[in-house]
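Residue numbers (mature numbering (1 follows the signal peptide of the UniProt record, and there is no 0)): -24 to -1, 1 to 734.
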């Protein structure tokens, strides 16, 4: 039993510390090794963390511009730059010469002298390759003459200096040393990836803490309950209740220190491995890692302290109960559970049940998006409630599931605490995985349905093929049709200074869509007319707290300030906040899709880098892509936690089965064969897994049902579905673990049990 509690606490600390270390590394961030400006002593860029680089107005130095420029058939992330900046990035000619005029370019790899087609935001144009550079790892760049680069991209993104300046104007900053990596092409993409990773790992750490607290506390309580005969003997020997309690607490504290230290030590190995897996899966930058830092030290201290505290709290309540029982009652209670529900279980279970019921009521009462968000918290609260109250459900469910007269039924009814100790982690495993999966899938389905509704009048979708977006050649071809072009961008709302925001309010980022015709969108409008959208106006959702006619000061993706008039206010969508602006405010973002109503001439887009799909096929592909992202997040958030609870199931069963050696010996002495004993043990394990799975099914039904009702108020017609596959897979995994963990310890001792008459 001491080994079982040690394993539970060490693994719980390991889980919490590992996710916490990765979360800390994601928050503190990093920028990797400088690449683009590795050979530049200093670089001047715009200050602030914006979606795109702003225009740098700084005298002197070498102006650098980065813009979309892709060789036909080249990589989608290829960019264009002026040749004068090439040397500061380590680009060197291996053949040919620098561009001598605006019709020549230098490309990575290949041969000089050939004619190539370059795709830019303005369209495609032929150029002559005057020179070739050695490809570098941090970017794939096509170099133009300085004049041609300025024509293609008037904005100066950075100014390269041979030495740091004494001062720079407000709104600019100087990057030197490792900070030069912040101006690399991957810097903003990596920053966005770290934001997403922070969200995922924040959820994973919260789930890890929830699971660890629950499992560790249950394991310690069960371990102390298993030792009631030993504690009763101490009472018979003259020990007072306080002495028994202090003895157990000291043991728990010693075990807590050792197990927590072991978990933290293992986390130092597990966290870097998890970081590498996340980077390989594309959920983190390629350079992302977990390294020693002050933040990581704080995480380890918190994990260690939490583990020690859990050991004390988890064993304390049970130790106090054992110390208060009279010696003769304790000896009798060691064989048959007289009272499985304790005051703590009653209070905690009813409080969690009330919280779950309150969240469910508010899910129906609040507006759809807010109710849908709150519905996500119903599942964890209900899991805690049913786990604490599980002793109340085990007896009636056992009577329903198992016919009378069977030893399996009698054993389970007589040992409710033992059954509840295994039922709880099964409930946690199956319920957590199913509810997380179900809510994510339901939200994904509602988002897809809302998107289909918004673009429902379209018959076909034009998508980029081998390029990051649709260039002007494509959009010009579509200009004569009923075609809606959409580019994803970011705007920053500038709140008014005051009590709420303080004297220096920070701009608030908003996801926005830049469209050419808002009248082709079917939006949930609260007031105003989206069709009135023009270059001087904006459509916002209700979260911004503005009305039609209000003036909104915003920063565009590159930080340029602009004041826009609100022409329409929409409801909050399933996917969160958003805004609509015209394509003039898209910044450097290319349209990611064009939705066409009516017939699209077959030869209109001939030889252009696009793919045309029917709306239904595009919708299915989008659903599949989002589902893949959801599954990746679920694997990170729930996978490790579910694995841990599976270990808890095995741990509980191994502890209880080894404790039952005398009981099994008596069965053998009464005439039972080894096979009969093992079948009984297996049937008991299957029964408690079934009870836990049934309770998890209730959790999943309530959670998915409440979420379905909330989402239907946002995206009417969203189908209700039960996550059958995750539910069955988690249940089957728990059943397999339970059978192995119960039967194998029993089988090891079955061969040496006494035969009748011996």
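Note that the Cβ used here is the ideal one computed from N, Cα and C, for glycine as well.
Scanning 87, 360, 244 for the CA closest to the CA of residue 675 turns up 360. Excluding sequence positions up to five before and after residue 598, its CB lies less than 6 Å from no other CB in the same chain. Residue range 650 to 688 is occupied by the alpha helix (DSSP H) that includes residue 660. Separation of residue 569 and residue 594 (C-alpha to C-alpha, rounded to the nearest whole angstrom) is 10 Å.
Using a 10 angstroms sphere on the CB of residue 219, the tally of other CB atoms stays under 16, which defines it as exposed.
If you draw a 10 Å sphere on the C-beta of residue 697, you find fewer than 16 other C-beta atoms in it, and that means exposed. Short of 7 Å from the beta carbon of residue 709, and not among the five residues preceding or following it, lie these beta carbons of its own chain, in chain order: 622.
Only residues of its own chain outside the window of five on either side were considered, and among them 266 have a CB closer than 6 Å to the CB of residue 1, listed in chain order. The shortest C-alpha to C-alpha distance from residue 439 to any of 277, 589, 41 is the one to 589. Closest in alpha carbon position to residue 14, among 45, 620, 159, 82, is 159.
Taking C-alpha positions only, residue 61 is separated from residue 121 by approximately 10 Å. By the beta-carbon neighbour count (other beta carbons within 10 angstroms, threshold 16), residue 35 is exposed. The C-beta distance from residue 409 to residue 192 rounds to 20 Å, too long to fall under 8 Å, and the pair is not in contact. Counting C-beta pairs with one atom in each stretch, the segment 442 to 450 and the segment 41 to 55 have three or more that are closer than 8 Å, which means they touch. Annotated three-state conformation of residue 71 is strand, per DSSP. Excluding its 5 nearest sequence neighbours in each direction, residue 246 has C-beta neighbours in its own chain below 6 Å: -7, listed in chain order. Contact between the segment 149 to 167 and the segment 56 to 75 is not established, with fewer than three Cβ pairs separated by less than 8 Å. A Cβ-Cβ separation of about 24 Å leaves residue -16 out of contact with residue 323 under the 8 Å criterion.
DSSP, reduced to helix, strand and coil, places residue 453 within a helical segment of the structure shown. Bounds of any beta strand (DSSP E) do not take in residue 90, whose DSSP letter is neither H nor E.
Across the structure, residue 335 and residue 325 are spaced so that their CA atoms are roughly 15 Å apart. Taking one beta carbon from each stretch, the segment 560 to 567 and the segment 532 to 541 have 3 or more pairs nearer than 8 Å; the two touch.
For residue 636, the secondary structure class from DSSP, reduced to helix, strand or coil, is coil. Between the alpha carbons of residue 701 and residue 338 lies a distance of about 29 Å. Here the C-alpha atom of residue 240 lies approximately 17 Å from the C-alpha atom of residue 187. Apart from sequence neighbours up to five positions away, the residues of its chain that approach residue 630 with a beta-carbon distance below 6 Å are 717, 721, ordered along the chain.
Uninterrupted beta strand (DSSP E) stretches at least 3 residues long and entirely within the segment 2 to 76 occur at 18 to 22, 38 to 40, 43 to 47, 55 to 58, 69 to 72, given in chain order. One Cα belongs to residue 693, the other to residue 498, and the distance between them is close to 16 Å.
When secondary structure is reduced to three states using DSSP, residue 584 falls in the coil class, being assigned neither helix nor strand. For residue 119, the enclosing beta strand (DSSP E) begins and ends at 117 to 120. Of the other Cβ atoms in all chains shown, 16 or more fall within 10 Å of the Cβ of residue 37; this residue is therefore buried. Put simply, of -11, 101, 636, 567 the residue whose alpha carbon is nearest the alpha carbon of residue 280 is -11.
Note on the segment 415 to 441: whole beta strand (DSSP E) runs with a minimum of 3 residues are 436 to 440, in chain order. If the five residues before and after residue 24 are omitted, its C-beta is found closer than 7 Å to the C-beta atoms of 535, all from its own chain and listed in chain order. The Cβ neighbour count for residue 28, taken over all protein chains shown within 10 Å, is at least 16; the residue is labelled buried. A direct Cα-to-Cα measurement between residue 26 and residue 261 gives close to 18 Å.
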